[in-house]
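Following: one structure in structure tokens, then a few remarks.
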Amino acid sequence: MATSSNGVKRYKKSKNSSSSDSEDTYEPYVPVKERKRRQYEILKLGRVTQIREDAAQKTKSSSDNDQSDEGEEGIWGRKSNISLLDQHTELKKMAEAKKESAKEKQLKEEKKILESIAGKKALMGVAELAKGIQYEDPIKTSWRPPKCILSLPPERHDRIRQKLHILVEGDEIPPPIREFKEMKFPPGIIAGLREKGIMRPTPIQIQGLPTVLAGRDMIGIAFTGSGKTLVFVLPLLMFALEQEIKLPFTKNEGPYGLIICPSRELAKQTNDIIRHYSDWLFKTGSPQLRTCLAIGGIPVSEAMDVIKKGVHIIVATPGRLMDMLDKKMIALDVCRYLCMDEADRMIDMGFEEDVRTIFSFFKGQRQTLLFSATMPKKIQNFARSALVKPITINVGRAGAASMNVVQEVEYVKQEAKIVYLLDCLQKTTPPVLIFAEKKQDVDAIHEYLLLKGIEAVAIHGGKDQEERSRSVEAFRQGRKDVLVATDVASKGLDFLDIQHVINYDMPDDVENYVHRIGRTGRSGKTGLATTFINKTNDESVLLDLKHLLIEAKQKVPPFLAQLQSENEKYLDLGDEKGCSYCGGLGHRITDCPKLEAMQNKQVSNIGRRDYLANTNTVDY
């Protein structure tokens, strides 16, 4: 060690260093305290390892460029030609670049959850999965859009979709068509539409009908009362008619098309619609198309009478259909058209395994259609595995409430509900629908209304099919003013001119709420929905309800407005609002109570499948 003339201590290089080096190459001595301070600053940035690598790299680069500087410099010492301030700035930039924001972490976590759900389940037949069958191209049909539509530029089609708020995803999307005649429907179909007062197609029909007629697999999402049923009924009638004209169906042959519904009432309603249009086709000179209703509560012999003659279309609930397939009463050898109406409700109701088994009875490629008003990403991703180049058509957000419904939410104590019900009934003229969660509540409300002199009927899963059918028909024909029901009446049922829907109980998930209030405000008309809530309701459901009201620009009552979610800041991240699993707007998938309940159910059912086999194949 030597001391220079100005009193600063310097370290000498080792004796074996070059004798040509002068004392000017000595480094100033840095006190221990100063070195520790610098070290602490670097540690605070959390980049110790990076610093070491950078120091080694820069030392090597410096020795290559300047042969006069030999040996490595200390990691904590001054680097040649780079000030400490520059080093600090550089390290700060590196730290910020690699630092993950809370938003990115949330999105990554949600992506992992969705991938894990989608990876475990595929909506495909067991046999197809086992054989590795994969269809590459959609089914070919003879239908083509008119030349006048095909000659129009793509920009025109985009303008129509934008004007009608139609969101479309997929490859080679057929153009939207705004007139039924341009879709090449025969006179019988046009006459049947005219009798129903349907003159022009709705947005979901404008894009959906050309898509289905072209043979494409489709996921259709639109608010309740938007005319989804005709999107899958009319093309099926066209395809069945074409098959019958080319080669008539013989005894025990068929069906060509299969429609699966989650409830008996919806299946019966769909069958009635098909029969209406097939009768009009027959009146105008077309061959008779035979349709069969396969649901619980009616004798199997009625369905078998039609099937033995050769059936074109079967409308069924999963339980009865599974039973008939297992007993070989029907075969799906020539079936090439499958539609699942209210598909997400069917999966939620536990029919997932049944649906997969039903798929296994098909002997060839089929055109598959899924429809619902509430179809969050969980079902869309789940379904894509079974669809060939699917087209997703979305009119409004999946799970959004109809904008034609005025939604009123009122705080009513549990013991005061049934008395307050009479005041609510005064808000509008009949007909009125009342929904309750439990069967015993439905019976209690029904009895109370009858005692008060109100013409009311009731339906729930505990009543036999004949009584349920009589009640629905009496209400539909206007002979009864009020229908009290559980959620069996919430899925897809179409009642004319429902003025008011009352939710005696707020349902356990907001998807059921959307389906319930969708019984009013249909076909462009307006309606009113009143919902009773109180302290017994789960807070997560109330948060979803709050954000649904905000989205629909409805009045949010003070007791809902004051509810706050812990993760309120994460409710709107990227393209996906709210929960991507259940569609609720008041939480994210990381806090989804429905996903948690599903996972708990799966865990509790491990090892019990053999004992509980076929429990959900009894009819619904």
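Taking this note's numbering, the leading residue of the sequence shown gets 15, the next gets one more, and so forth.
C-beta atoms are modelled at their ideal positions from N, C-alpha and C, and glycine is treated no differently.
Since we're looking at a predicted model, the values are computed, not measured.
Spatial neighbours of Ile259 within its chain, please: CB distance less than 7 Å, with the 5 preceding and 5 following residues excluded, ordered by chain position.
-> Walking along the sequence shown from the start, residue 259 turns up at place 245. The residues are Pro301.
Using the C-alpha atoms, what's the distance from His561 back to Ala575?
-> Residue 575 sits at position 561 when you count from the first residue of the sequence shown. Residue 561 sits at position 547 when you count from the first residue of the sequence shown. Whole-angstrom Cα-Cα distance: 9 Å.
Range covered by the beta strand (DSSP E) that runs through Ser554 | One-based indexing of the sequence shown puts residue 554 at position 540. Unbroken run through Ser554 is the alpha helix (DSSP H), Glu553 to Glu565; no beta strand (DSSP E).
Under three-state DSSP, which class holds Asn526?
-> Residue mapping note: residue 526 aligns to position 512 of the sequence shown, counting from 1. Asn526 falls in the helix class under three-state DSSP.
Taking the DSSP output, what are the residues bridged to Met232?
-> Taking the first residue of the sequence shown as 1, we reach residue 232 at position 218. For Met232, which the question treats as bridged, DSSP gives the partners Leu383 and Ile405.
Kindly identify the DSSP beta-bridge partner or partners of Met354.
-> The sequence position of residue 354 within the sequence shown is 340, counting from 1. In the DSSP output, where bridge partners are listed per residue, Met354 has Ile274 and Leu384.
Under the assumption that His326 contacts Ala254 (Cβ atoms under 8 Å), give the Cβ distance between them as a whole number of angstroms.
-> The sequence position of residue 326 within the sequence shown is 312, counting from 1. The sequence position of residue 254 within the sequence shown is 240, counting from 1. About 4 Å separates the two Cβ atoms, so the contact holds.
Boundaries of the alpha helix (DSSP H) in which Leu447 is found, first to last residue = The residue you call residue 447 lines up with position 433 of the sequence shown. Premise fails: Leu447 lies in the beta strand (DSSP E), Val446 to Phe449, not in any alpha helix (DSSP H).
First and last residue of the uninterrupted beta strand (DSSP E) at Tyr425 = By 1-based counting over the sequence shown, the position of residue 425 is 411. Residues Val419 to Tyr425.
Inter-stretch contact (C-beta, 8 Å, three-pair minimum) for the region 234 to 246 and the region 208 to 219 | yes
On the DSSP bridge assignment, give the partners of Glu366 in chain order.
-> The residue you call residue 366 lines up with position 352 of the sequence shown. None; Glu366 has no bridge partner.
Could you tell me which residues DSSP pairs with Lys430 in its beta bridges?
-> Here residue 430 is taken as the residue at index 416 of the sequence shown, counted from 1. Checking the sequence shown, residue 430 turns out to be Ala, not Lys. BP columns for Ala430 are empty, so no partner.
Could you check if Pro249 is buried or exposed, using at least 16 other CB atoms within 10 Å of its CB as the buried criterion?
-> Indexing the sequence shown from 1 puts residue 249 at position 235. It counts as buried.
Kindly indicate the opening and closing residues of the beta strand (DSSP E) around Gly184.
-> The count along the sequence shown starts at 1 and reaches residue 184 at position 170. Neither: Gly184 is in no beta strand (DSSP E) and is coded neither H nor E.
Three-way DSSP call (helix, strand, coil) for Cys306 in this model = By one-based count along the sequence shown, residue 306 stands at place 292. Correct three-state label for Cys306: strand.
Could you check if Asp80 is buried or exposed, using at least 16 other CB atoms within 10 Å of its CB as the buried criterion?
-> By one-based count along the sequence shown, residue 80 stands at place 66. Low confidence applies to Asp80: its pLDDT is 48, below 50, so where it sits in the model is not reliable enough to give any reading.
Please specify which runs of the beta strand (DSSP E), each continuous and at least 3 residues long, are wholly inside the region 283 to 329, giving them in chain order.
-> 305 to 308
Using alpha carbons as the reference points, say which of Leu105, Glu422, Met336 and Gln578 lies closest to Ala543.
-> Translated into positions along the sequence shown, residue 543 becomes position 529. With distances taken between Cα atoms, Ala543 lies closest to Glu422.
Taking 8 Å as the cut-off, decide whether the C-beta atoms of Asp519 and Ala470 are in contact.
-> By 1-based counting over the sequence shown, the position of residue 519 is 505. By 1-based counting over the sequence shown, the position of residue 470 is 456. It is not a contact, given that the beta carbons lie outside the stated cut-off.
For Val226, does the three-state DSSP call read helix, strand or coil?
-> Within the sequence shown, the letter at position 212 stands for residue 226. Helix.
Straight-line CA distance for Gln513 to Phe296?
-> By one-based count along the sequence shown, residue 513 stands at place 499. By one-based count along the sequence shown, residue 296 stands at place 282. Roughly 35 Å between the two C-alpha positions.
In angstroms, rounded to a whole number, what distance separates the CA positions of Gly206 and Ala488?
-> By 1-based counting over the sequence shown, the position of residue 206 is 192. By 1-based counting over the sequence shown, the position of residue 488 is 474. Using only the alpha carbons, I get a separation of about 24 Å.
With DSSP run on the structure shown, which of helix, strand or coil describes Thr540?
-> Mapped onto the sequence shown, residue 540 falls at position 526. In this structure, Thr540 counts as coil in the three-state DSSP scheme.
Distance, Cα to Cα, Pro224 vs Arg334?
-> Translated into positions along the sequence shown, residue 224 becomes position 210. Translated into positions along the sequence shown, residue 334 becomes position 320. Rounded to whole angstroms, Pro224 to Arg334 spans 32 Å at the Cα level.
When the Cα of Asp151 is compared with those of Pro159, Lys341, Gly311 and Leu401, which residue comes out closest?
-> Along the sequence shown, one-based indexing puts residue 151 at 137. Considering only alpha carbons, the answer is Leu401.
Within its chain, find whatever has a CB closer than 7 Å to the CB of Pro159; leave out the 5 residues flanking it on each side and keep chain order.
-> As a first step, residue 159 must be located in the sequence shown, where it is residue number 145. Contacts found: Pro188, Pro189, Ile191 and Pro224.
Straight-line gap, Glu86 to Leu105 (C-alpha atoms, nearest Å) | The sequence position of residue 86 within the sequence shown is 72, counting from 1. The sequence position of residue 105 within the sequence shown is 91, counting from 1. Because Glu86 carries a pLDDT of 40, less than 50, the predicted location of this residue cannot be relied on, and no value is offered for it.
Taking buried to mean at least 16 other C-beta atoms within 10 Å of its own C-beta, is Ser504 buried or exposed?
-> In the sequence shown, residue 504 corresponds to position 490, counting from 1. When all chains shown are included, Ser504 counts as buried.
Keeping to the same chain, check which residues put their C-beta closer than 6 Å to that of Asp35; ignore five residues upstream and five downstream.
-> Within the sequence shown, residue 35 is the residue found at index 21, counting from 1. With a pLDDT of 47 at Asp35, under the threshold of 50, the modelled position of that residue is not reliable, and no figure is offered here.
When DSSP labels each residue in this structure, what does Ala499 get in the three-state scheme?
-> For the purposes of this step, residue 499 is taken as residue 485 along the sequence shown, with counting starting at 1. It is a strand residue.
Please report how far the alpha carbon of His460 lies from the alpha carbon of Asn266, in whole angstroms.
-> Position 446 of the sequence shown holds residue 460. Position 252 of the sequence shown holds residue 266. For His460 and Asn266, the distance between alpha carbons rounds to 44 Å.
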